[in-house]
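Our numbering runs 90 ahead of the 1-based position in the sequence shown. Structure first, then comments.
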Amino acid sequence: MINVLSGEKNANTLAVAHKLNEKWNLYQIDTPEEYNYNLLSVKNYFESNGNISHLCVCAESNLISPWAIVMFRVTFVPQNIKLVVIVEKIYIFTKNVNMNQELNMIQNYYFDKNRQITDQKNSVFSGILVRPLDREKTKSPLIVISHGGPHSISTIEFQRLIYLLICKGFIVYLVNYRGSIGFDQVNLTSILGNIGRQDVDDVHFSVISVCKNENINFDNIHCLGGSHGGFI
């Protein structure tokens, strides 16, 4: 496919439904190659010239940067017997943007994508800390989330649940306990024969470490997980 924003080939696409001649069609629209997009909301409207546009609110992320909320305008322009699709990235909402009060919660987050933790035995593992941007002086509730697997990993891709928790004032720590993928082989295999001990200890020590370094309400600490994370 050809990226309509840059003209380069790209496998990443954004799907938009559009009604033409009383039939709904699904269009795969190419997006910048280095990013992935999670479509959150779409609003359709007619422009004064009769063209139909779609405002697409998306979460934008890649392998090295935290997600941001972006907005695309997708315009369908009939030309003879074919349909021309015009895609524009018209705004990015990040923690550095001050819009109006209704949009303030969109940028109120802070990422520490490589919060390393070293326990008493000098075992090193890491995770991702996400917290509201303006809560440094306020005691915040904490949720520590353990991924399943156990051979899996928590990443900085957009997740609705985490975004909701941040908007509600929670600090979220996504712990990649030893045994998670994406690290070295020793880390990966260390959990074998130690399930229920090593992984639980890592999550427990994560809670202690985050509580030492962040302004946490000790009466409002929670652990969350599914599959193996739920077992932990």
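Ideal Cβ positions, reconstructed from N, Cα and C, are used throughout, including at glycine.
In this chain, the beta strand (DSSP E) harbouring N134 covers N126 to F136.
For D309, the closest C-alpha among the options V297, G316 and G320 is that of V297. Secondary structure of R287 (DSSP, three-state): coil.
Here the segment 138-149 makes no contact with the segment 270-284; the two share fewer than three CB pairs at distances below 8 angstroms. With a threshold of 16 other beta carbon atoms within 10 Å, V220 meets it and is buried. A Cβ-Cβ separation of about 5 angstroms places I252 in contact with V262 under the 8 angstroms criterion.
Sixteen is the threshold: since fewer than 16 other Cβ atoms of the shown chains lie within 10 Å of the Cβ of G286, the residue is exposed.
Annotated as distal: W157 and F215, with beta-carbon spacing of 8 angstroms or more. Closest option to N126, judged by alpha-carbon separation, among K133, F295 and I159: I159. For L314, the enclosing beta strand (DSSP E) starts and ends at I306 to G315.
The bridge partners DSSP lists for I322 come to none. DSSP lists Y127 and A158 as the bridge partner or partners of E150. In the structure shown, the three-state DSSP call for S296 is helix.
With a contact defined as Cβ atoms closer than 8 angstroms, S244 and I235 qualify at about 7 angstroms. Between N128 and the set P222, K229 and R250, the nearest pair of CA atoms involves R250. For L255, the enclosing alpha helix (DSSP H) stretches over residues R250 to C257. Put simply, the backbone Cα of H241 is about 11 angstroms away from that of D289. Residue nearest to G140 within the set V132, V276 and F166 is F166 (criterion: CA-CA distance). Counted as a single uninterrupted DSSP element, the beta strand (DSSP E) harbouring L232 occupies residues S230 to S236.
T245 carries a coil assignment under DSSP once its states are collapsed to helix, strand and coil. Annotation for G238: G316, S317, H318 and G319 place their beta carbon closer than 6 angstroms to its own, counting only its chain and skipping 5 residues before and after. Close CB contacts of N277 within its chain, under the 6 angstroms cut and outside five residues either way in sequence, are with R268 (chain order).
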